[in-house]
Amino acid sequence: MRTEPDEQDFADWLLHLGNGSFTNNCQLGVDLVEIPDECGVSDSIVDEMFRSSVTDMEYMPGKAYLCPKMKSFLKTKKQVLKKLPGRTSVLIA
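Numbers 1 to 93, taken from UniProt numbering, label the letters of the sequence shown in order.
See below:
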């Protein structure tokens, strides 16, 4: 994973979490993880993820947004499409 030097602690935390080697120190149970406040999103997830880059046609191609549930994905897709200038089309394959 590529990170900026000031993001190394977060990258290490994320790798431990993904590899299953994360130790839970917060008494939540073995299947729950406390996410640090600095990792949370205070605004809309769409605003946090894309900021002004949603209109940057060099940035957007090849990007993906992964969601655990289809309902979450559809809601997020709608928010992203509202940010795009001009007329949008959704193509279903």
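Positions of the beta carbon are idealized from the N, C-alpha and C atoms, including for glycine. All figures in this text were calculated on a predicted structure; none of them were measured in a lab.
Check, Outcome
"Limits of the alpha helix (DSSP H) - the one that residue 60 falls within", "Run containing residue 60: none; DSSP gives neither H nor E here."
"Residues near residue 55 in its chain [Cβ-Cβ closer than 8 Å; skip 5 each side]", "83, 84, 85"
"The ligand HEM heavy atom lying under 6 Å from the CB of residue 8", "As for the ligand HEM, it is missing from this structure, which has no ligand bound."
"Integer-rounded CB distance, given that residue 79 should sit under 8 Å from residue 44", "7 Å"
"Backbone CA spacing between residue 50 and residue 15 [nearest angstrom]", "23 Å"
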